[in-house]
Amino acid sequence: MRRWMLLLFILSVLSTQAREIEVCHSCEVTSIQAAVDMAQDGDVIRIKSGTYREHDIKILNKSIRIIGEDYPVIDAEKKGTAFSIQANNFTMEGLHIKNISTSHTSEFAAILMAHSTNFTIRNNRLENVFFGILIEKSTGGSITGNRIKSKSVRQDNSGNGIHLWHSKEIKISNNVVSGMRDGIYLEFAGESIISDNVCRDNLRYGLHFMFSDHNKYLDNVFESNGAGVAVMFSKHIKMYRNVFKKSWGSASFGLLLKEINDAELKHNVFEKNTIAISADGTNRIDYVENDFINNGYGIKIRGACYKNIFTRNNFLYNSFDVAYTGRINENEFDRNYWSEYSGYDLNKDGIGDVAYRPVKLFSYLVTQTPEAIVLLRSMFIGLLDFSEKVSPIFTPKDLIDHHPQMKKIKW
Amino acid sequence: MVSIQNLHKKFGKHTVLDGLELNIDDHGIIAVLGPNGSGKTTLIKSILGMVVPEKGSIHINGKPLKNNWEYRKEIDYLPQIANFPGNLTVIELLKMIKDLRGEAKREQELINFFGVNKFIDKKLTNLSGGMKQKVNLVLTFMFDSPLVILDEPTTGLDPVSILKLKELLHKEKASGKTILVTSHIMEFVESVSDRIVFLWEGKIYFNGSVEELKEKTNQRDFEHAIATLLTGEHV
Amino acid sequence: MFKILKYSFFDLTRSSWSYIYFLFYLLLGIVLLFLNNDLSNAVITLMNVIIILVPLIGTIFGVMYFYNSREFTELLLAQPVKRTSIFLGQYLGVAVSLSLSLVLGLGIPFIAYGLFQSPAIWDFTMLLITGVFLTLIFSALAFNIALSSENKIKGFGYAILMWLLLAVVYDGVFLLSLVYFQEYPLDKFSLIATMLNPIDLSRILILLKLDISALLGYTGAVFKQFFGTSFGSVISLSVLVLWTILPLLNIARIVKKKDF
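Listed below in structure tokens is the structure:
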């Protein structure tokens with residue numbers, strides 16, 4: 020179906036002899052809205068460099084391409100949305116959009132796209148915006164190479180960098196989003212791929228899923244966000260090769276999983292997060308070959324988690340590798356590498372001969388009495404943890420890795 | 421030179437010095453004697469400022485020695501057990517004490533006199549008791565102070581060395597020094613002392629020359645005289 | 022005083038114990054940095070060594086040196102030297118030679134590893150600073166104990182007991198009171214309790230460079246704010262200085278009245 024439409028589109032472009040409308044201060048057409056009004060399907064609007072003080076530019080049912088040359092500046096002067104678009108086969112690239120007003124009632128955005136299919140938003144620069152790119156009820160688009168930057172201070176009056184709502188089959192790649200509330204936010208969005216983006220210094224989450232099933236995010240970097248990624252109330256999410264780092268501060272997470280099922284995490288790196296992964300009500304999640312390095316907590320399991328499997332992960336120098344509340348619930352830890360493991364391997368098969376208990380009594384104590392954290396790594400706590408390891412009383416008896424690896428796992 | 425008034429000292433409940441009075445103005449060798457626990461060492465240590473008395477005062481050359489340490493420049497002291505830092509050699513120890521006290525004119529003379537040069541480069545750990553005592557003697561006499569205090573100077577010495585020590589003491593006396601000695605070797609005491617100070621239960625029980633002592637106790641022999649002094653009190 | 026310090030120091034630099042102590046750190050540093058090759062792991066292991074071993078060695082060495090040089094001390098007491106100079110000099114001799122073993126033993130592998138170019142230099146500097154302070158503090162405490170008890174065996178016993186109290190028991194009581202009073206706000210209590218024990222304070226100062234800062238945020242804003250500011254660092258260092266000076270003043274006080 021999509022292919023057919025594309026073919027039709029190409030045919031129509033070829034047959035109607037696409038026009039090109041130039042916009043500049045000394046051109047015939049000096050305003051973008053005027054150019055849009057003139058344009059017909061298949062036309063190209065070429066905006067030359069300069070500053071255009073326009074807002075609420077409306078594009079309705081026109082399959083056109085808007086191309087900026089040398090990043091013309093569209094200054095919305097805090098008066099509302101810059102572009103609101105409802106069009107199929109639409110492309111926008113090379114623009115520099117800035118100064119979108121904030122609001123508690125309306126979701127003003129640099130680019131608002133609604134009820135559209137097959138769009139491309141590429142290589143734009145968005146600066147000082149409320150929402151960056153807001154996609155509503157649209158299908159089949161790509162958002163690539165955009166840079167979105169704001170200086171959000173408070174969550175309640177800031178918006179998201181790329182926001183998908185009731186949309187599907189969207190490809191979000193190679194964007195850099197910083198200083199927003201959420202870097203990328205998906206609500207009721209499906210079958211989308213989010214890859215090679217960098218989300219840093221966002222107030223809340225680098226990437227946020229709500230009620231969004233069957234998505235993948237791959238090869239992204241999440242750095243110094245309030246929390247790297249939050250996946251909530253979503254199913255079948257694949258998370259591969261991402262880097263989560265420096266979510267460092269009170270109640271900060273690398274990855275927050277809440278009420279999600281059937282997901283897979285593979286080849287991710289979690290470094291220097293207060294809590295690398297916090298899991299709450301998650302079922303059937305496979306954690307395979309991830310690295311947890313220098314985090315406060317490696318994995319914090321808060322309860323109501325069933326049938327999660329942790330295998331072949333590297334746990335390196337975390338204050339607590341695993342913190343666990345509740346019963347074992349068919350969760351499984353097997354064949355991981357634990358840097359704190361001090362057992363031996365007499366038969367030289369690469370697997371420690373003594374099983375390893377990753378949960379420390381102290382992590383249990385800290386959960387009960389958070390202030391006890393000031394005793395971290397003291398000798399008394401060391402003795403306490405040791406005696407608990409020898410004969411577990413407070414920590415789950417069956418939370419045990421029977422095949423701890425002797426060497427760091429290479430993947 | 422040394423004047424002690426009403427000196428009291430207790431260790432716990434045990435009274436060691438009980439209103440002791442002593443004046444030493446004369447030159448020569450004064451032996452401080454007394455049974456074990458009579459307070460000889462405590463008296464010496466009080467003079468040296470190592471023991472702090474509860475009551476009473478000590479003046480040395482007219483100066484009170486409370487909160488004062490510089491008067492010790494004029495005292496040479498030979499402690500009873502000489503245990504030096506083991507890792508130093510003899511020459512280093514000598515250097516160190518010189519460093520603390522200033523130039524020692526008689527160092528070389530004394531080293532030769534006691535034959536210390538034979539082991540002067542050895543570490544103190546490796547020395548025998550007698551060797552250590554010789555080093556101790558060199559250390560004591562090399563500063564040539566007017567007041568000398570010797571606590572059991574004969575410990576560990578062989579007969580030849582004891583003779584040498586006596587010879588040295590006579591020389592020192594002749595040069596006008598005041599020397600306080602404690603010793604258990606009565607023969608040694610008799611042969612060197614000009615005056616005997618006998619302590620008994622924290623007080624001076626006898627203070628006079630060897631002859632006076634013999635007279636008082638009606639004994640011709642010094643050792644017996646002392647013994648009589650000891651037992652006489654009990655009878 | 023400096024003459025006594027000089028001789029005590031030279032005496033100790035010739036003792037094989039100083040070298041064993043120095044070689045121990047040298048070996049530890051080399052193994053951790055060159056064989057393990059992981060800096061954060063190295064810092065954590067070193068921290069464990071520093072907060073447990075340094076106080077223990079400082080205590081034992083201090084007591085041992087004091088008792089072993091008792092007769093020599095008597096010789097010095099008869100010399101025209103101030104009493105406090107003798108003991109402070111000896112104390113400094115022990116403390117300086119132990120500190121030097123630590124600083125050189127760990128410092129040489131650090132430099133060889135090229136830590137001056139590494140961002141971990143501050144972590145290691147903090148390790149060395151707290152290590153030196155703990156040496157100073159615990160040798161001073163050891164001297165206090167040795168001065169107060171004539172009996173060698175008893176003195177050793179008390180010294181080990183003191184170490185055990187500060188290194189282990191204190192934290193046990195601390196933890197118990199945290200658990201027991203968990204309904205109350207415990208921020209200030211834990212801050213003060215940490216400041217009062219030099220081992221805990223050193224541990225926190227090192228950990229703040231490592232993992233605790235993030236975990237702390239989880240609970241105590243007071244704690245984090247305090248240690249995050251330069252005011253906090255100044256106070257912490259002052260407390261360590263105080264921990265060094267108070268036992269020394271006490272040494273001076275005891276020594277003035279003591280009979281030898």
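Residue numbers (our numbering), protein chains in the order written: chain A, 20 to 430; chain B, 421 to 655; chain C, 22 to 281.
Positions of the beta carbon are idealized from the N, C-alpha and C atoms, including for glycine.
Tell me which residue opens and which closes the alpha helix (DSSP H) that Thr-344/A is part of.
Taking the first residue of the first sequence as position 1, residue 344/A is located at position 325. Element bounds for Thr-344/A: n/a, residue is neither H nor E.
Does the structure place the region 152 to 167 of chain C close enough to the region 194 to 201 of chain C that three or more beta carbon pairs sit under 8 Å?
Cβ pair count under 8 Å is below three, so no.
Throw me the rounded Cβ distance for the Phe-164/C and Ile-71/C pair, which I believe falls under 8 Å.
Your numbering for residue 164/C matches position 143 in the third sequence. Your numbering for residue 71/C matches position 50 in the third sequence. Their Cβ separation, rounded to whole angstroms, is 21 Å, which puts Phe-164/C and Ile-71/C out of contact at 8 Å.
Note the first and the last residue of the continuous beta strand (DSSP E) segment covering Arg-91/C.
In the third sequence, residue 91/C corresponds to position 70, counting from 1. Where Arg-91/C is concerned, there is no enclosing beta strand (DSSP E), although the alpha helix (DSSP H) it sits in stretches over 91 to 98.
Among residues of its own chain, excluding the 5 on either side of His-74/A, which ones have a beta-carbon nearer than 7 Å to its beta-carbon?
Indexing the first sequence from 1 puts residue 74/A at position 55. Result list for His-74/A: Ala-95, Glu-96, Lys-98, Gly-99, Thr-100, Ala-101, in chain order.
Strictly below 9 Å CB to CB, what residues from chain B border Ser-118/C?
Position 97 of the third sequence, counted from the first residue, corresponds to residue 118/C. Those within 9 Å of Ser-118/C in chain B number zero; the least Cβ separation is about 12 Å.
Taking Cβ-Cβ distances below 9 Å as the criterion, which residues of the region 43 to 58 of chain C are in contact with chain A?
Listed by position along the chain: nothing, the set is empty.
Cα-Cα separation, Leu-395/A to Gly-401/A
Here residue 395/A corresponds to residue number 376 of the first sequence, with the count starting at 1. Here residue 401/A corresponds to residue number 382 of the first sequence, with the count starting at 1. Approximately 9 Å between the Cα atoms of the pair.
Identify, in the order they occur along the chain, each residue of the same chain with its Cβ nearer than 6 Å to the Cβ of Lys-257/A, setting aside the five sequence neighbours on each side.
Walking along the first sequence from the start, residue 257/A turns up at place 238. Taken in chain order, the residues that qualify are Lys-235, Glu-283.
Cβ contact check for the region 111 to 120 of chain C and the region 129 to 140 of chain C: 3 or more pairs under 8 Å:
At 8 Å Cβ cutoff, the stretches do not touch.
Along the beta strand (DSSP E) that carries Met-132/A, what are the first and last residues, could you check?
Taking the first residue of the first sequence as 1, we reach residue 132/A at position 113. 128 to 133 is the span of the beta strand (DSSP E), which, as asked, contains Met-132/A.
Which two residues bound the contiguous alpha helix (DSSP H) that contains Met-606/B?
For the purposes of this step, residue 606/B is taken as the residue at position 186 of the second sequence. Counting along the chain, Met-606/B sits inside the alpha helix (DSSP H) bounded by residues 606 to 612.
CB-CB under 6 Å to Asp-305/A, same chain, minus the five flanking residues each way: which ones, in chain order?
Within the first sequence, the letter at position 286 stands for residue 305/A. Cβ neighbours of Asp-305/A within its own chain (closer than 6 Å, five residues either side excluded): Glu-283, Ile-328.
So, does the CB of Met-470/B fall closer than 7 Å to a CB anywhere in chain C?
On the second sequence, position 50 is the one that residue 470/B refers to. Chain C places a beta carbon closer than 7 Å to that of Met-470/B, counting this residue as a contact.
Give the straight-line distance between the Cα atoms of Arg-615/B and Pro-219/C, rounded to the nearest whole angstrom.
Position 195 of the second sequence, counted from the first residue, corresponds to residue 615/B. Position 198 of the third sequence, counted from the first residue, corresponds to residue 219/C. If I take the Cα positions, the gap works out to 58 Å.
Say whether chain B places a C-beta atom closer than 7 Å to the C-beta of Asp-280/C.
For this step, residue 280/C is matched to residue 259 along the third sequence. Using a CB distance cut-off of 7 Å, Asp-280/C counts as an interface residue toward chain B.
What's the call for Ser-171/A, buried or exposed, on a 16-neighbour Cβ count within 10 Å?
For the purposes of this step, residue 171/A is identified with residue 152 of the first sequence, where counting begins at 1. With 16 or more other CB atoms across the displayed protein chains lying within 10 angstroms of its CB, Ser-171/A is buried.
Counting along the chain, where does the alpha helix (DSSP H) carrying Lys-584/B start and finish?
The count along the second sequence starts at 1 and reaches residue 584/B at position 164. Note, Lys-584/B: alpha helix (DSSP H), 579 to 594.
Residues in its own chain within less than 6 Å of Ile-540/B by CB, not counting five upstream and five downstream?
Taking the second sequence and counting its residues from 1, the one referred to as residue 540/B is at position 120. Contacts found: Val-510, Ile-511.
What would DSSP say about Ala-106/A, mapped onto helix, strand or coil?
As a first step, residue 106/A is located in the first sequence; it is residue number 87 there, counting from the start. Coil, per DSSP.
Three or more C-beta pairs under 8 Å: does that hold for the region 595 to 606 of chain B against the region 521 to 528 of chain B?
Output reads no: the region 521 to 528 of chain B does not touch the region 595 to 606 of chain B.
Would Tyr-179/C count as contacting chain B if we go by Cβ distances under 7 Å?
Counted from its first residue, the third sequence places residue 179/C at position 158. Not flagged as an interface residue toward chain B: Tyr-179/C, since no C-beta distance is shorter than 7 Å.
Would you grab the beta carbon distance between Val-612/B and Lys-634/B for me? Rounded to a whole angstrom, and I think it's under 8 Å.
What you label residue 612/B is simply residue 192 of the second sequence in a count that begins at 1. What you label residue 634/B is simply residue 214 of the second sequence in a count that begins at 1. About 16 Å separates the two Cβ atoms, so there is no contact after all.
Mapping the DSSP letters down to three states, classify Ser-50/A as helix, strand or coil.
Numbered from 1 along the first sequence, position 31 holds the residue referred to as residue 50/A. Of the three classes helix, strand and coil, the one that applies to Ser-50/A here is coil, per DSSP.
Beta-ladder partner(s) of Ile-294/A, from DSSP:
Position 275 of the first sequence, counted from the start, is the residue given in the question as residue 294/A. Answer is Phe-272/A, Tyr-316/A, bridged to Ile-294/A.
When DSSP labels each residue in this structure, what does Tyr-134/C get in the three-state scheme?
The sequence position of residue 134/C within the third sequence is 113, counting from 1. In this structure, Tyr-134/C counts as helix in the three-state DSSP scheme.
Between Arg-28/C and chain B, is the shortest Cβ-Cβ distance under 7 Å, so that the two count as touching?
The residue you call residue 28/C lines up with position 7 of the third sequence. In the sequence under discussion, the amino acid at residue 28/C is Tyr, which differs from the Arg named in the question. At least one chain B Cβ lies under 7 Å of Tyr-28/C.
Applying the 10 Å Cβ sphere with the 16-neighbour rule, what's the burial state of His-434/B?
Taking the second sequence and counting its residues from 1, the one referred to as residue 434/B is at position 14. Per the 10 Å Cβ criterion, exposed.
Could you tell me if Phe-431/B is buried or exposed, where buried requires 16 or more neighbouring beta carbons within 10 angstroms of its beta carbon?
Here the question's residue 431/B lines up with position 11 in the second sequence. Per the 10 Å Cβ criterion, exposed.
Just to confirm the assignment, what range does the alpha helix (DSSP H) spanning Thr-215/C have?
In the third sequence, the residue the question calls residue 215/C occupies position 194. Judged by DSSP secondary structure, Thr-215/C falls within the alpha helix (DSSP H) whose first and last residues are 208 to 217.
Consider the Cβ of Ile-412/A: report whether some Cβ of chain C lies at a distance smaller than 7 Å.
In the first sequence, residue 412/A corresponds to position 393, counting from 1. No, because no Cβ of chain C sits closer than 7 Å to the Cβ of Ile-412/A.
So who's on the other strand from Lys-254/A, going by DSSP bridges?
For the purposes of this step, residue 254/A is taken as the residue at position 235 of the first sequence. According to DSSP, residue pairing for Lys-254/A in a beta bridge involves Asn-280/A.
Give the C-beta separation of Phe-241/A and Val-248/A to the nearest angstrom, bearing in mind that I take them to be a contact with Cβ-Cβ under 8 Å.
Along the first sequence, read from residue 1 onward, the residue named residue 241/A stands at position 222. Along the first sequence, read from residue 1 onward, the residue named residue 248/A stands at position 229. So it is a contact: roughly 6 Å between Cβ atoms.
Between Glu-95/C and chain B, is any beta-carbon pair separated by less than 7 Å?
Working through the third sequence from its first residue, we reach residue 95/C at position 74. True, the Cβ-Cβ gap to chain B drops below 7 Å.
Own chain residues within Cβ distance below 8 Å of Thr-461/B, not counting five before or after:
Residue numbering aside, residue 461/B sits at position 41 when the second sequence is read from its first letter. By the criterion of a C-beta distance shorter than 8 Å, Thr-461/B is surrounded in its chain by Gln-500, Asp-571, Thr-602, once the five residues flanking it on both sides are discounted.
Cβ of Ile-181/A within 7 Å of Cβ of Ile-152/A?
As a position in the first sequence, residue 181/A is number 162, starting the count at 1. As a position in the first sequence, residue 152/A is number 133, starting the count at 1. Yes.
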